[in-house]
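Enquirer: Residue numbers (the working numbering), protein chains in the order written: chain A, -15 to 342; chain B, 14 to 235.
One structure is given below, represented as C-alpha cells, and several questions about it will come after.
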C-alpha cells in the first residue's frame, strides 16, 4: 500500500476544536459544554446538504425500498405466491359473500319496487267513484302512483297475459273486480310504513280487499340484515388473519436481515429508514394478495354467470349476476394493500426495536 | 471530544465491566485502549457509541451528554462516529462499493456525491479495483480495509476501532495503523482498542490501560 500518496482533498481543519476544548478544571459541571456558534450542529450532513438534497434522498430511498422489496419478493416466487394465495383466499371469501349478498339485495329491491298494493273494489263501486278514489289516493304523500284498472281492462290483460284468452271468451260475465294499483312511495326497507298504508287503504268503504305479501317483505328484509352482519363479522375475522399472516412473514424477513439491520443502525440509520423496506414488503404482500383475490373473484363469477343467467331465464327474470367491476376490484386491491401495510407496521413495531447493535 | 466522569458499568448479571473510569480525550488526538480480553475495552467503546448506558457516571462525546440524548438524535449522533470492528461486520449480500456506501445512503447523500466519496475512501485503502467484488472473495486484510473505508467514508470526527488488527500479520497491521495515522493527521480523533503490546510500543502514542474494569494507566507506554 502506498502510504505517501498525495493526501485526499479532505479539507477538514478540526472543526470540533471550538466545542471540545474544554478546560479540565470545571469537573463538577454536569452539562455538556455549550456549543460554539460556528460549530456545525449535526455532523457533516446538515451543513453540506440542502433540504432539496434531503428530500431527493428521501424519495430515492422510498423508490429504492419499494423496488428492492418487490424484487426480493419476486426472487422467491413460490414462497411469495403461497403467501399471496393465503391472503387472497382470506380476502376473496368475504368479498365473494359481499358480492353475492349485494346481488340478492338487488333482486329483493326489484321485487320490492314492484311491490305495488292491489286494492280490489266492491262490485257496487262505479267507475266514477273509483276514479274519484284513485284521485284522492294519488294525493297521499306516501303514494307514488295510483292506477285505476277497470274490470274490462283487467279482462283484456288477463286474455293477453295468461294465454287463456279462449277460455275467457266463453265466460258469461266479467268476473273480475275493478282494481286500483297503488305504488307506495317508500324505500324497500320500511315494512312498517307499508303496513300503515295498507291499513289506511282498507279503511275506505268502497274497498273489498287489499293484497300485499307483507310477511315476505319483512322476512327478506330481516334476512338481509342478518347476512350483512355475518359478512361484516367474517370479513373482520379474516382481515385479522391477513394481519397475522403478513405480520409473521415480515417478522421472518426481519430475522433474515438481522445482520444488515445491526450494521445499518450502527452507521446511523434512523428508525424510519430501517422500517421502510419492511413496510413496502408488507404493502406488496397485501397488493399481490389483493390482485390474486380480484382474479379469483373474476374467474369465479364468470364461471357462475352462465348457469345463473339460465336459471334466471327459467324464472322469466332478466336478472344477471354482477361480479366485481373495475373500480370495485381496485378498491379490493387498495384495501388489501392497506391491510398489508398495517400488518407490516405492527410486526415492525414489535420486532425491529428488539434488534440493537450489541 | 470524549470525557468519562467516574463511569461504571455493571451488567444485569452482576459482572462489573468498568469501575469508576475517568479520562478525557481532546479533539484530534490519537490514542490506544489496551487490556486483556474482558478488561472492559469493548464496553468502553460501546458506551461511547451509546450501544450501552453506564450504570453510574457521565459520558460526554462530541459535546453531547449521552445520558440526556433523545432517542431520536441517536442516528445523527452515530453518523459522526466511524467504527471499525474486529469482525468487520461487512454485508456479504452486496458489493464492496455498496458496503462502503451504506453510511452515505443512510445519511441521504445524493447519488453522485456517494460515488465520489466511496471511490475516494476505497482509493485511500487501496481497494479501488475491488469495488465490484463481493467482500466474501477478499482476504482478511482486504476485508478489514473495506471496513475502514466504510468507517471513514462519512468523514467522521471520531474514529473508533475495536481490535482492527486482531487477525492480521504484523505487516498488514502496520499498513492499517498507517491508515489510521493518516486519518488522524487530517484532524480525526482516533481511538483504537488493541491488546497487541508490540504495536503499542511501535506507535508511541497515549495509551489507556484497563485491568478488570479499572483504568490503571494513562500515558505513553514506557
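Using N, Cα and C, we set each Cβ at its ideal position, and we do this for glycine too.
Please read all numbers here as calculations on a predicted model, not as lab measurements.
#1: Closer than 8 Å, CB to CB, is residue 252 (chain A) near chain B or not?
#2: Does any CB atom of chain A fall closer than 8 Å to the CB of residue 96 (chain B)?
#3: Just tell me which of B:36, B:40, B:138 and B:65 has its CA closest to the CA of residue 18 (chain B).
#4: I need the DSSP call for residue 55 (chain B), collapsed to helix, strand or coil.
#5: Can you determine whether any heavy atom of the ligand GTP sits closer than 7 Å to the C-beta of residue 325 (chain A), and answer yes or no?
#6: For residue 265 (chain A), count neighbouring C-beta atoms within 10 Å of its own C-beta (all shown protein chains included) and say buried if the count is 16 or more, exposed if not.
#7: For residue 267 (chain A) versus residue 325 (chain A), is the C-beta spacing smaller than 8 Å?
#8: How should residue 334 (chain A) be labelled, buried or exposed, when 16 other C-beta atoms within 10 angstroms of its C-beta is the threshold for buried?
#9: Count the other C-beta atoms from every protein chain shown that fall within 10 angstroms of the C-beta of residue 256 (chain A), then say buried if there are 16 or more, exposed otherwise.
#10: Return helix, strand or coil for residue 222 (chain B), following the three-state DSSP convention.
#11: Hey, how far is the Cα of residue 430 (chain A) from the Cα of residue 226 (chain A)?
#12: Which of the three DSSP states is assigned to residue 299 (chain A) in this structure?
#13: Alpha carbon to alpha carbon, how far is residue 231 (chain B) from residue 45 (chain B)?
#14: Comparing the C-beta of residue 244 (chain A) with each C-beta of chain B, is any distance below 8 Å?
#15: Distance cutoff 8 Å, beta carbons only. Does residue 91 (chain B) sit that close to anything in chain A?
#16: Determine the direct distance from the alpha carbon of residue 274 (chain A) to that of residue 90 (chain A), and round the result to whole angstroms.
#17: Starting from the C-beta of residue 260 (chain A), find all residues in its chain whose C-beta is less than 8 Å away, skip the five residues before and the five after it, and write them out in chain order.
#18: Taking beta-carbon pairs under 7 Å, can you tell me which members of the segment 67 to 91 of chain A lie near chain B?
#19: Whose C-beta lies closer than 6 Å to the C-beta of residue 293 (chain A) among residues of the same chain, with five residues either side of it excluded?
#20: Mapping DSSP to helix, strand and coil, what is residue 135 (chain A)?
#21: Whose C-beta lies closer than 6 Å to the C-beta of residue 16 (chain B) among residues of the same chain, with five residues either side of it excluded?
#22: By DSSP's criteria, residue 339 (chain A) is part of a beta bridge. Which residues make up the other side?
#23: State buried or exposed for residue 301 (chain A), treating a residue as buried only when at least 16 other CB atoms are found within 10 Å of its CB.
#24: Kindly list, in the order they appear in chain B, the residues whose Cβ is closer than 8 Å to that of residue 269 (chain A).
#25: Relative to chain A, which residues along the segment 48 to 65 of chain B have a C-beta separation below 7 Å, given in chain order?
#26: According to the neighbour-count rule (16 or more other Cβ atoms, all chains shown, within 10 Å of its Cβ), is residue 132 (chain A) buried or exposed?
#27: Select from B:142, B:174 and B:101 the residue whose C-alpha is nearest the C-alpha of residue 94 (chain B).
#28: Does the pairing of the segment 74 to 91 of chain A with the segment 153 to 166 of chain A give three or more beta-carbon distances under 8 Å?
#29: Could you name the residues of chain A that residue 233 (chain B) contacts, counting a contact when the two beta carbons are closer than 7 Å?
#30: Listed from N- to C-terminal order along the chain, which residues in the segment 38 to 58 of chain A have their beta-carbon within a distance smaller than 8 Å of any beta-carbon of chain B?
#31: Is the beta carbon of residue 123 (chain B) closer than 8 Å to that of residue 253 (chain A)?
#32: Can you give me the Cβ contacts of residue 70 (chain A) inside the same chain, cut-off strictly under 6 Å, excluding the 5 residues immediately before and after it?
#33: Determine, for residue 341 (chain A), whether the minimum Cβ-Cβ distance to residues of chain B falls below 8 Å.
#34: For residue 9 (chain B), report the span of its beta strand (DSSP E) as first-last.
#35: Can you tell me where the alpha helix (DSSP H) holding residue 116 (chain B) begins and where it ends?
#36: Spell out whether any CB of chain A is found under 8 Å from the CB atom of residue 121 (chain B).
Expert: The structure says:
#1: Look at residue 252 (chain A): its C-beta is under 8 Å from a C-beta on chain B.
#2: Closer than 8 Å to some Cβ of chain A, the Cβ of residue 96 (chain B) qualifies, so yes.
#3: It is B:36 whose Cα lies nearest to the Cα of residue 18 (chain B).
#4: Helix.
#5: Among the components modelled here there is no ligand, and therefore nothing to report on the ligand GTP.
#6: Residue environment analysis places residue 265 (chain A) among the buried positions, since at least 16 neighbouring C-beta atoms fall within 10 angstroms of its C-beta.
#7: The Cβ-Cβ distance between residue 267 (chain A) and residue 325 (chain A) falls below 8 Å.
#8: Residue 334 (chain A) should be labelled exposed.
#9: Looking at its Cβ environment, which holds fewer than 16 other Cβ atoms inside 10 Å, residue 256 (chain A) is exposed.
#10: If DSSP states are grouped into helix, strand and coil, residue 222 (chain B) belongs with the strands.
#11: No information on residue 430 (chain A) is available, as it lies outside the stretch -15 to 342 that chain A covers here.
#12: Note: residue 299 (chain A) maps to coil in three-state DSSP.
#13: Each residue's Cα considered, the two are about 10 Å apart.
#14: Residue 244 (chain A) counts as touching chain B.
#15: Output row for residue 91 (chain B): interface = yes.
#16: Residue 90 (chain A) and residue 274 (chain A): Cα-Cα distance of roughly 25 Å.
#17: The residues are 45, 46 and 49.
#18: Taking 7 Å as the Cβ-Cβ cut-off, the segment 67 to 91 of chain A has no residue approaching chain B.
#19: 304, listed in sequence order.
#20: In this structure, residue 135 (chain A) counts as helix in the three-state DSSP scheme.
#21: For residue 16 (chain B), where only same-chain residues beyond five positions count, the Cβ hits under 6 Å are 37 and 73.
#22: According to DSSP, which records beta bridges pairwise, residue 339 (chain A) is partnered with nothing at all.
#23: Only exposed fits residue 301 (chain A), as fewer than 16 other CB atoms lie within 10 angstroms of its CB.
#24: Those do not exist, as residue 269 (chain A) stays about 21 Å from chain B at its closest Cβ, beyond 8 Å.
#25: So the list reads 64, given in the order they occur along the chain.
#26: In the assembly as shown, residue 132 (chain A) is a buried residue. Its beta-carbon has 16 or more other beta-carbons within 10 Å.
#27: The candidate whose alpha carbon is nearest that of residue 94 (chain B) is B:174.
#28: Cβ pair count under 8 Å is below three, so no.
#29: Ordered by position in chain A, no residue passes the 7 Å Cβ test against residue 233 (chain B), which lies about 19 Å from the chain.
#30: 38, 40, 41, 42, 44 and 45: these are the residues of the segment 38 to 58 of chain A whose beta carbon lies less than 8 Å from some beta carbon of chain B, given in chain order.
#31: Cβ distance not < 8 Å, so residue 253 (chain A) and residue 123 (chain B) don't count as in contact.
#32: Result list for residue 70 (chain A): 229, in chain order.
#33: At a cut-off of 8 Å between beta carbons, residue 341 (chain A) contacts chain B.
#34: What is shown of chain B runs 14 to 235, which leaves residue 9 (chain B) out entirely.
#35: Looking at the DSSP string, the run of the alpha helix (DSSP H) that includes residue 116 (chain B) is 109 to 120.
#36: For residue 121 (chain B), the answer is yes, since a Cβ of chain A falls inside 8 Å of its Cβ.
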